[in-house]
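*Asks:*
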Amino acid sequence: MTDSSYGQGQGPAPMSACPACVAMPSALDRAQAAAAAASARIMLSVPDAHCALCITNIERDLEKMPGVKSARLNLTLRRVSVEGEPGVTAAAVAERLGKIGYPAYELDPGQLSMTETDRQGRDLLMRLGVAGFSMMNIMLLSVAVWSGATDATRDLFHLISALIAVPTVAFSAQPFFRKAWAGVKAGRLDMDFPISLAIVLATGMSLYETLNGGHHAYFDAAVMLTFFLLAGRYLDFRTRAVARSAAQELAALEVPRALRVTDGTEETVAVSALTLGDLVLVRPGGRIPVDGVIVAGTSELDRSLLTGETLPVFASPDLVVTAGAVNLTGPLTVRVTAAGKDSSLHRMADLVAVAENARNKYTTLAERAARLYSPSVHLLAFGAFLAWMWITGGDVRLALNIAAATLIITCPCALGLAVPAVVTAASGKLFRAGLLIKDGSALERLAEVDTVVFDKTGTLTLGTPEPVSLDTLSPHALEIGAALGAASSHPLAQSLAQAAKARGVIPALLDDIAEVPGHGVQALWQGTRVRLGRADWVGADSLETTGTYLAIGAERVHAIAFTDRLRDGAQEAVTAFKAQGKRVLLISGDVPGAVRAMAERLGIDDWQAEALPQDKSATIEALQAKGHKVLMIGDGLNDTVALTAAHVSISPATALDAARVASDIVLLGTSLAPLPHAQRTAVRAVRRIRENFAISFGYNLIAVPIALVGLASPLIAALAMSVSSITVALNALRLK
0 MTDSSYGQGQ
10 GPAPMSACPA
20 CVAMPSALDR
30 AQAAAAAASA
40 RIMLSVPDAH
50 CALCITNIER
60 DLEKMPGVKS
70 ARLNLTLRRV
80 SVEGEPGVTA
90 AAVAERLGKI
100 GYPAYELDPG
110 QLSMTETDRQ
120 GRDLLMRLGV
130 AGFSMMNIML
140 LSVAVWSGAT
150 DATRDLFHLI
160 SALIAVPTVA
170 FSAQPFFRKA
180 WAGVKAGRLD
190 MDFPISLAIV
200 LATGMSLYET
210 LNGGHHAYFD
220 AAVMLTFFLL
230 AGRYLDFRTR
240 AVARSAAQEL
250 AALEVPRALR
260 VTDGTEETVA
270 VSALTLGDLV
280 LVRPGGRIPV
290 DGVIVAGTSE
300 LDRSLLTGET
310 LPVFASPDLV
320 VTAGAVNLTG
330 PLTVRVTAAG
340 KDSSLHRMAD
350 LVAVAENARN
360 KYTTLAERAA
370 RLYSPSVHLL
380 AFGAFLAWMW
390 ITGGDVRLAL
400 NIAAATLIIT
410 CPCALGLAVP
420 AVVTAASGKL
430 FRAGLLIKDG
440 SALERLAEVD
450 TVVFDKTGTL
460 TLGTPEPVSL
470 DTLSPHALEI
480 GAALGAASSH
490 PLAQSLAQAA
500 KARGVIPALL
510 DDIAEVPGHG
520 VQALWQGTRV
530 RLGRADWVGA
540 DSLETTGTYL
550 AIGAERVHAI
560 AFTDRLRDGA
570 QEAVTAFKAQ
580 GKRVLLISGD
590 VPGAVRAMAE
600 RLGIDDWQAE
610 ALPQDKSATI
620 EALQAKGHKV
630 LMIGDGLNDT
640 VALTAAHVSI
650 SPATALDAAR
660 VASDIVLLGT
670 SLAPLPHAQR
680 TAVRAVRRIR
690 ENFAISFGYN
700 LIAVPIALVG
710 LASPLIAALA
720 MSVSSITVAL
730 NALRLK
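Quick note on my numbering: the sequence shown kicks off at 0 and runs consecutively.
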């Protein structure tokens, strides 16, 4: 048989209940994992991390820890990923972080929704409520003083305000005091130190005035400063939660408990307690807790949260299933092949988390700017204090207020959020569209693409050939072809048999059926020799396209042409890329006729046939040498070199292991339609990052001079700082 579609040594991809499972490392990746057994990854929640300086402090300190190879803090999720030797434990890392003022907690995949980060949100809200209630009461007392209360009345109101303000500040401002003190003990001054200093100065000066019968007290300013700082931090917390990442969404699909079946007895156990070979019962409506194989039951599976595809999949015995899919209609018994941290779902979440923690040029720029904050801003504030002491002739109160306002208003929170908030929002959006980002810099590179190169078989097509010329066959020829096709193991023969069956054709009765390897299948029909197979074997001229040939005795040989089934969304993807102004190319190892037909079908003008792996990579390298940024989309072993050579690469989840390892992004679903959407999202994400940088730097250019000339009190500085951080976070959320 002529089968150029499979001439590259790549047969049809194995079917699975969930394409997301094959997006994860399998045979090749396991081998790589075994080779990399000398390393271990630890993920911890660091709820007190909230600024760009925290990134520097945490990563630098952990990388000095014996056995730690690298540490990456995701500021948006407040999680640190540590790559280390096997001897490095989560407890040791958490202890080290605690010593430098960052309490850390190892993430439990079954309890991610109740991490310390979430508890911190509730704690902030409680302290914010206390500060707000006290602020309103102190403001009522302050109104009386501002209205003209004097002497004993004024002193009484100041004293009552002190009784409300001091315990309120001591309780509500604890998040700032705690972090500032931890920083001082660790030998550094981060953003919480100037905030705490400003609150303490305002409260201390007010107490001094009250105890000495002074005319002015600033308890209202101290409590309001605390309230607005807490409000800004809580709103920042909420916007981070809204920018829910792909890693969080995957982790949320993990089931902590399963129903294990042992000798007919059902027992609820933790997923971590399951072992290979255990039987797990999944009732209708339940989420599959493990990777495994169905051994009993039939149902339908909803895997929309894993692949972005809404149509349910029929599930029956021997079907491979993965953790995270929802069982819809009937009970299923699943034999465990992987559970807990070994499941494909958990490994996917780890992969995405690493990608979100990765560095790109914008992240590096933000960190460099933030590192300049600590020394420069403290020198600036101290200089402002000395200058105003000289200008005012020794007015300590005014000089301290201006110095405190300068310290607060220059906080680099907005700069620290500029990149991670956008990357997290973008990765979450793309995951919901069915795209898994493996490399954190892929988003930036995808935004720069101007040329798109497609492979054909398995990428633009599904690798499942369909006959297109059955109408030219006579009824008895179709019946004979159906019978011969059913007797062969060749993909084209099987496809012919299935297509005939779909038309309601009843196969002819044949005798002496025999398959001749490399040639085809033959038999006797009513005493006449019949053959289905290669052109030269049956005595016919070969087609330019993929095909097989049917010979019935002395009759004219019937040529049956095949076309590969077009992947869903292929036409939409090509059309959308061209509409965006991208140059689209088709490079395939298939014969010229098949490649030309596919190119004409999709409207692709540039195509290349019979391309070897080195031809594909050479074409991409030549394009990039001319300044083009190439996106390569492929799935085969022969695409691996090209995927690596491209500026950015994407592979379908059904691709071979080597192709998925080489690619930057994995397409979890079967449709190609999300690809142009991903490129548009990447462009918008880079634009949002640049906008956030402009907001951050613009804010400081305007706000710092205002504070230095004394036009911003500590209270106004706190408001401005909170507004800048929230603005950056909300700008990132526009991606959603």
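In this text, a Cβ means the ideal position worked out from N, Cα and C, and glycines have one as well. It should be emphasised that the depicted structure is a prediction, and the values quoted were computed from it without experimental measurement.
Which residue's Cα is closest to the Cα of LEU495: LEU300, ALA558, GLN613 and SER426?
*Replies:* As a position in the sequence shown, residue 495 is number 496, starting the count at 1. Ranking the options by Cα distance to LEU495, first place goes to ALA558.
*Asks:* Can you give the Cα-Cα distance for TRP536 and LEU472, rounded to whole angstroms?
*Replies:* Within the sequence shown, numbered from 1, the residue matching residue 536 stands at position 537. Within the sequence shown, numbered from 1, the residue matching residue 472 stands at position 473. Taking the straight line joining both Cα atoms gives about 20 Å.
*Asks:* Please list, in chain order, all residues of the same chain as GLU478 whose beta carbon is under 7 Å from its beta carbon, the five residues on each side excluded.
*Replies:* Within the sequence shown, residue 478 is the residue found at index 479, counting from 1. Here the set comprises VAL504, ILE505, PRO506 and ALA507.
*Asks:* Is there contact between the region 627–646 and the region 426–440, where contact requires at least three CB pairs shorter than 8 Å?
*Replies:* As far as the Cβ criterion goes, the region 627–646 does not touch the region 426–440, which means the pair count is below three.
*Asks:* Going straight from the alpha carbon of ALA402 to that of PHE381, what length do you get?
*Replies:* Sequence index remark: in the sequence shown, residue 402 carries index 403 (1-based). Sequence index remark: in the sequence shown, residue 381 carries index 382 (1-based). Using only the alpha carbons, I get a separation of about 7 Å.
*Asks:* Spatial neighbours of ARG733 within its chain, please: C-beta separation below 7 Å, excluding the five flanking residues on both sides.
*Replies:* In the sequence shown, the residue the question calls residue 733 occupies position 734. Counting only Cβ-Cβ distances below 7 Å, and skipping sequence neighbours, we find ARG687.
*Asks:* How far does the beta strand (DSSP E) with PHE634 in it extend, from its first residue to its last?
*Replies:* In the sequence shown, the residue the question calls residue 634 occupies position 635. Per the sequence shown, residue 634 should be read as Asp rather than Phe. Element bounds for ASP634: n/a, residue is neither H nor E.
*Asks:* According to the Cβ coordinates, are GLU105 and LEU43 closer than 7 Å?
*Replies:* Residue numbering aside, residue 105 sits at position 106 when the sequence shown is read from its first letter. Residue numbering aside, residue 43 sits at position 44 when the sequence shown is read from its first letter. The answer is yes: Cβ separation under 7 Å.
*Asks:* Looking only at its chain, what residues have a beta carbon closer than 6 Å to the beta carbon of THR336, apart from the 5 residues adjacent to it on each side?
*Replies:* By one-based count along the sequence shown, residue 336 stands at place 337. If we look at THR336 and ignore the five residues flanking it on each side, its Cβ neighbours are ASP290 and GLY291.
*Asks:* Report the rounded CA-to-CA distance for ARG29 versus GLY323, giving the unit in angstroms.
*Replies:* Residue 29 sits at position 30 when you count from the first residue of the sequence shown. Residue 323 sits at position 324 when you count from the first residue of the sequence shown. Residue confidence is low: ARG29 scores 40 on pLDDT, short of 50, so the model does not pin down where it sits. No coordinate-derived value is stated.
*Asks:* Could you give the first and the last residue of the continuous beta strand (DSSP E) run that contains TYR548?
*Replies:* Indexing the sequence shown from 1 puts residue 548 at position 549. Start and end: 546–551.
*Asks:* Quick one, are the C-beta atoms of GLY97 and GLY66 less than 7 Å apart?
*Replies:* Numbered from 1 along the sequence shown, position 98 holds the residue referred to as residue 97. Numbered from 1 along the sequence shown, position 67 holds the residue referred to as residue 66. Cβ distance not < 7 Å, so GLY97 and GLY66 don't count as in contact.
*Asks:* Counting only runs of 4+ residues fully inside the region 269–342, write out the alpha helix (DSSP H) ranges in chain order.
*Replies:* If we require 4 residues or more, the alpha helix (DSSP H) runs fully inside the region 269–342 come out as 303–306.
*Asks:* Along the chain, where does the alpha helix (DSSP H) that runs through SER69 open and close?
*Replies:* Taking the first residue of the sequence shown as position 1, residue 69 is located at position 70. Where SER69 is concerned, there is no enclosing alpha helix (DSSP H), although the beta strand (DSSP E) it sits in stretches over 67–73.
*Asks:* HIS557 lies in the beta strand (DSSP E); which residues open and close that run?
*Replies:* Translated into the one-based positions of the sequence shown, residue 557 becomes position 558. Its beta strand (DSSP E) spans residues 557–565.
*Asks:* How about ASP511 and LEU523: do their beta carbons lie closer than 7 Å?
*Replies:* By one-based count along the sequence shown, residue 511 stands at place 512. By one-based count along the sequence shown, residue 523 stands at place 524. Closer than 7 Å, so yes.
*Asks:* Whose C-beta lies closer than 6 Å to the C-beta of LEU729 among residues of the same chain, with five residues either side of it excluded?
*Replies:* In the sequence shown, residue 729 corresponds to position 730, counting from 1. So no residue of the chain qualifies.
*Asks:* Between the Cα of VAL260 and those of LEU278, VAL270 and THR274, spot the shortest distance and give me the residue it belongs to.
*Replies:* For this step, residue 260 is matched to residue 261 along the sequence shown. It is LEU278.
*Asks:* Give the secondary structure of MET42 by DSSP, where H, G and I count as helix, E and B as strand, and everything else as coil.
*Replies:* One-based indexing of the sequence shown puts residue 42 at position 43. MET42 falls in the strand class under three-state DSSP.
*Asks:* Would LEU667 pass as a contact of GLY433 if the rule is Cβ separation under 7 Å?
*Replies:* Counting from one through the sequence shown, the residue named residue 667 turns up at place 668. Counting from one through the sequence shown, the residue named residue 433 turns up at place 434. A contact, by the Cβ cut-off of 7 Å.
*Asks:* How is the beta strand (DSSP E) around ASP409 delimited, first residue to last?
*Replies:* Residue numbering aside, residue 409 sits at position 410 when the sequence shown is read from its first letter. For the record, residue 409 in the displayed sequence is Thr; it is not Asp. Element bounds for THR409: n/a, residue is neither H nor E.
*Asks:* For the beta strand (DSSP E) holding ASP511, just list the boundary residues, first then last.
*Replies:* To locate residue 511, count along the sequence shown from 1; it is residue 512. ASP511 -> beta strand (DSSP E) spans 510–515.
*Asks:* First and last residue of the alpha helix (DSSP H) that includes GLY697?
*Replies:* Your numbering for residue 697 matches position 698 in the sequence shown. 673–707 is the span of the alpha helix (DSSP H), which, as asked, contains GLY697.
*Asks:* If you follow the beta strand (DSSP E) that ARG528 is part of, which residue opens it and which one closes it?
*Replies:* As a first step, residue 528 must be located in the sequence shown, where it is residue number 529. Note, ARG528: beta strand (DSSP E), 527–532.
*Asks:* Would VAL452 and LEU327 be called neighbours here (beta carbons separated by less than 7 Å)?
*Replies:* For the purposes of this step, residue 452 is identified with residue 453 of the sequence shown, where counting begins at 1. For the purposes of this step, residue 327 is identified with residue 328 of the sequence shown, where counting begins at 1. Not in contact: VAL452 and LEU327 (Cβ atoms no closer than 7 Å).
*Asks:* Would you give the residue range spanned by the alpha helix (DSSP H) that ALA498 belongs to?
*Replies:* Position 499 of the sequence shown, counted from the first residue, corresponds to residue 498. ALA498 -> alpha helix (DSSP H) spans 490–501.
*Asks:* Report the residue from ALA161, THR456, THR152 and LEU127 whose alpha carbon sits nearest the alpha carbon of ALA593.
*Replies:* Here residue 593 refers to the residue found at position 594 of the sequence shown. Of the candidates ALA161, THR456, THR152 and LEU127, the one whose C-alpha sits nearest the C-alpha of ALA593 is THR456.
*Asks:* PHE132 to ALA164, Cα distance in whole Å?
*Replies:* Within the sequence shown, numbered from 1, the residue matching residue 132 stands at position 133. Within the sequence shown, numbered from 1, the residue matching residue 164 stands at position 165. Between PHE132 and ALA164, the C-alpha separation is close to 11 Å.
*Asks:* Does the structure place the region 567–580 close enough to the region 674–691 that three or more beta carbon pairs sit under 8 Å?
*Replies:* With a cut-off of 8 Å, the region 567–580 and the region 674–691 count as touching, because enough Cβ pairs lie within range.
*Asks:* Where do the N-terminal and C-terminal ends of the alpha helix (DSSP H) with ALA485 fall, by residue?
*Replies:* The sequence position of residue 485 within the sequence shown is 486, counting from 1. Per DSSP, ALA485 belongs to the alpha helix (DSSP H) from 474–485.
*Asks:* Please report the straight-line C-alpha distance between GLY83 and LEU275, rounded to a whole angstrom.
*Replies:* Reading the sequence shown from its first residue, position 84 is the one you call residue 83. Reading the sequence shown from its first residue, position 276 is the one you call residue 275. Taking the straight line from one Cα to the other gives about 27 Å.
*Asks:* By DSSP, does LEU459 sit in helix, in strand, or in coil?
*Replies:* Looking up residue 459 in the sequence shown gives position 460. Helix at LEU459.
*Asks:* In whole angstroms, what is the alpha-carbon distance linking GLY709 and ARG689?
*Replies:* What you label residue 709 is simply residue 710 of the sequence shown in a count that begins at 1. What you label residue 689 is simply residue 690 of the sequence shown in a count that begins at 1. One C-alpha to the other measures close to 31 Å.
*Asks:* Using the three-state DSSP reduction, which class does GLU355 fall into: helix, strand or coil?
*Replies:* As a first step, residue 355 must be located in the sequence shown, where it is residue number 356. Here the model assigns GLU355 a pLDDT of 48, short of 50, so the residue's position is not dependable and the matter cannot be decided.
*Asks:* Would you kindly report the start and end of the unbroken alpha helix (DSSP H) that includes ARG259?
*Replies:* The residue you call residue 259 lines up with position 260 of the sequence shown. Careful: ARG259 lies outside any alpha helix (DSSP H), inside the beta strand (DSSP E) at 256–261.
*Asks:* Tell me the residue span of the alpha helix (DSSP H) that contains ASP394.
*Replies:* Within the sequence shown, the letter at position 395 stands for residue 394. Unbroken run through ASP394: none, as it is neither H nor E.
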